[in-house]
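Just so you know, we're using this note's numbering here: the sequence shown kicks off at 498 and counts up by one.
Beta carbons: idealized from backbone N, C-alpha and C, even for Gly.
Data first, discussion second: the structure below is written as structure tokens.
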Amino acid sequence: MIPKLIIENIKFNNGDKIQLKEKSITIFVGANNVGKTAALKNIHLLSNLGGFRTKHDVIVNIDLKKVGSPIDFVNFLKTKNSGSNYKFNIGGNLYYPEDTGVKWENNDPKHFGHFFIKIMLAEQRISHSKSRETLDFYKQQPSHPIDFMYLNQSFEDEINAYFRLAFNLDLIIDRFSGKNTHLKVGEKPTLLENENYLSKSYNDRIKELSDLSDQGDGMRSFVSILLEMISKNKTSLIIDEPEAFLHPPQTRLLGKLIGKLFSERQMFISTHSSDLIKGLLESKNENINIIRISRNKEINSGALLNNNDIKNIWKDPILRYSNIIDGLFHKSVIICEGDGDCKFFSALFDSEFENDPRYHKISDTLFIPAHGKAKIPTIVKALKKISVPTFSICDFDIFNNQTPLKELVEAHGGDWSIIEPKWKIFHSQINQIKSQLDKEEAKKEILKSFDSVKAPNLNKKQINEIKDILKISSAWSFAKKQGLSFVPSGDAHEKCLEVIAYLNNIGIFPLLIGELESFDKSIGGSKSKWLETILQKNFKNKEILKEAKEFIHKLANIIYKN
């Protein structure tokens, strides 16, 4: 078997320890300047005696495991032997291959990291795919992916197939270029009659194509990563920001290729790209970990979202095509019911806090639409699982039903039993209010009830449910529009305020005015019409949207208090 080193776990400087699988692809995410690149460098340093030092010790320890027998290791080194007298460095001393078996058996695993684990920083990848000095293959073993490409036509064809998917061009090796082997980019020449791949006339046409070294940084970086993955030159790769210099479609394709081509090896990646993560998830690789790094001064922590957690998000089409993954790269996330709410609050935040000393935090807040109340708890749980500071804004009618209110409270880490008795008091009081029936609200709820019935006839329970809708839909339709002011005075109003205070404390912010449109009731029409009109107003005018501004200042004081 081919020997290898496995990184079994990593330990952050705050003590967080995360177990890893033998074939895992681990993705480091987080806001800017939390230590993602430093984490990769630390892993390389800790797995290799010849590693280099970094400024911040984000990861302070890793556990390495050797896989394979001493004979496997000796045979492995012989395939890399560049000459009959070639020696290999193990622990600072040089050994012939046949003398390394005992070292493999007895030495610390980090003595062997340089044989198995490769780090690819962004600046290094640009030069990794440039022209390569052509070897004397009678005397020297191939050691670089371009060497393997030179020797193996099928390997070249495989590389080219993936390259064409990304750039709609061919990547071809120039075997007749003399001292240095060049990679060429363009349309691959067609073999003419009586020609083969070694014909001079055919290779003269290859020579006329552009050198890869003359292409953009994105193309060269893409090729460098691709060469390493397909050549299997190393059993583990560490790649910093593989999306660097690439356009989003190519980044997404690269994510798919990483998930497909690295299904049997370990890889560590740092990224700022949701496109790369989406590509990885689309590859259906079963061993993907997402670790979000957080930083408080010089203390770093890591929170894991494993493959099962990711599947629960990815199987939901609404979440899959939302921008929930973008939340991994922000300091905080605010979940709203709809896209219109997100646009409104985002615009108001930009206007109100432009000169606020906390703006560096506030501007790094992402608003995510949940497309309804029911999905908010799912998104909150997913983001909190990986330690993303997450908050929710919802309409006042979140209090209408126990579901999803209870789920949302628990998703935010709250205790439903604390507020349930208080909620029941004002909920019951609102249900008892008799007022003119809101036709559209009643119709919507009744149709929802009918749609849930599979039998041809309604039973008694279902009939009673529809009767209940006719009793209370009107009250809650008014509560949705008027908010806290609609709650009956006295004990009900007091208990409602206590519940709201509890919700605010755990990160849930019901709109006390009812719904978004209630911030300016002078605008009629649909919600989209309201939003279009309100966004054209001058938010800098102090007389405009006073209640909305009071609401977001209260929210900001809670979210950004540190």
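Asked, Found
"Helix, strand or coil for residue 1095 per DSSP?", "Examination of residue 1095 is not possible in this model, given that the chain is present from 498 through 1059 alone."
"If you follow the alpha helix (DSSP H) that residue 659 is in, where does it begin and where does it stop?", "650–664"
"Run through DSSP, which three-state label would residue 792 get?", "strand"
"Residues in the same chain with beta-carbon distance under 7 Å from residue 856, minus the five sequence neighbours each way, listed in chain order, please.", "850"
"Quick one: what does DSSP say residue 629 is sitting in, helix, strand or coil?", "strand"
"Given a threshold of 16 other Cβ atoms within 10 Å of its Cβ, counted over all protein chains shown, does residue 1007 qualify as buried or as exposed?", "buried"
"Using a Cβ distance threshold of 8 Å, determine whether the region 875–893 contacts the region 811–825, with at least three qualifying pairs required.", "yes"
"Using the C-alpha atoms, what's the distance from residue 666 back to residue 592?", "45 Å"
"Per DSSP, what kind of secondary structure is residue 948 in: helix, strand or coil?", "helix"
"Less than 7 Å between the C-beta atoms of residue 588 and residue 603, yes or no?", "no"
"From this set, 1018, 617, 875, 747, which residue's C-alpha is nearest residue 806's C-alpha?", "875"
"Could you give the uninterrupted runs of the alpha helix (DSSP H) lying entirely in the region 742–815, keeping only those of 4 residues or more?", "745–758, 771–779, 804–811"
"Quickly, what does DSSP pair residue 707 with across the bridge? List them, please.", "682"
"Looking only at its own chain, which residues have a Cβ that is under 6 Å from the Cβ of residue 477, when we skip the five neighbours before and after it?", "No answer is possible for residue 477: the residues shown for the chain start at 498 and end at 1059."
"Look at the alpha carbon of residue 560 and the alpha carbon of residue 737, and state the distance between them as a whole number of angstroms.", "21 Å"
"Using 10 angstroms around the beta-carbon of residue 900, count the other beta-carbons present and answer buried if the total reaches 16, otherwise exposed.", "exposed"
"Please check the pair residue 607 and residue 517, which I expect to be a contact at CB under 8 Å, by giving their CB distance rounded to whole angstroms.", "Contact flag wrong, Cβ pair sits at about 16 Å."
"Whose C-alpha, out of 526, 625, 731, is nearest the C-alpha of residue 611?", "731"
"Which residue spans inside the region 965–1053 form an unbroken beta strand (DSSP E) run of at least 3?", "1005–1007"
"Apart from the five residues on each side of it in sequence, which residues of its chain come closer than 6 Å, Cβ to Cβ, to residue 774?", "822"
"Given this structure, state the Cα-to-Cα distance separating residue 779 from residue 810, to the nearest angstrom.", "13 Å"
"Relative to the C-alpha of residue 617, which residue among 766, 962, 948 is closest?", "766"
"Where do the N-terminal and C-terminal ends of the alpha helix (DSSP H) with residue 716 fall, by residue?", "714–728"
"Which term fits residue 1050, buried or exposed, when burial requires 16 or more other beta carbons within 10 angstroms of its beta carbon?", "exposed"
"Residue 901 lies in the alpha helix (DSSP H); which residues open and close that run?", "899–908"
"Cα-Cα, which of 893, 877, 828 is closest to residue 982?", "893"
"Under 8 Å, with one C-beta from each stretch per pair, do the region 667–675 and the region 693–709 reach the 3-pair mark?", "yes"
"Tell me the DSSP bridge mates of residue 503?", "562"
"Please list the terminal residues of the continuous alpha helix (DSSP H) segment that includes residue 516.", "Where residue 516 is concerned, there is no enclosing alpha helix (DSSP H), although the beta strand (DSSP E) it sits in stretches over 514–516."
"In this structure, does DSSP put residue 842 in helix, strand or coil?", "helix"
"Looking at chain D, is there any beta carbon in it that lies within less than 7 Å of the beta carbon of residue 988?", "Of the protein chains in this structure there is only one, and it is not chain D."
"Relative to the C-alpha of residue 980, which candidate in 630, 1036, 792, 1015 has its C-alpha closest?", "1015"
"Relative to the C-alpha of residue 830, which candidate in 907, 744, 862, 1029 has its C-alpha closest?", "862"
"Between the region 748–759 and the region 676–683, do at least 3 Cβ pairs fall closer than 8 Å?", "no"
"Are the Cβ atoms of residue 988 and residue 799 separated by less than 7 Å?", "no"
"For residue 719, which residues in the same chain have their Cβ closer than 7 Å to its Cβ, ignoring the five residues on either side in sequence?", "663, 743, 747, 751"
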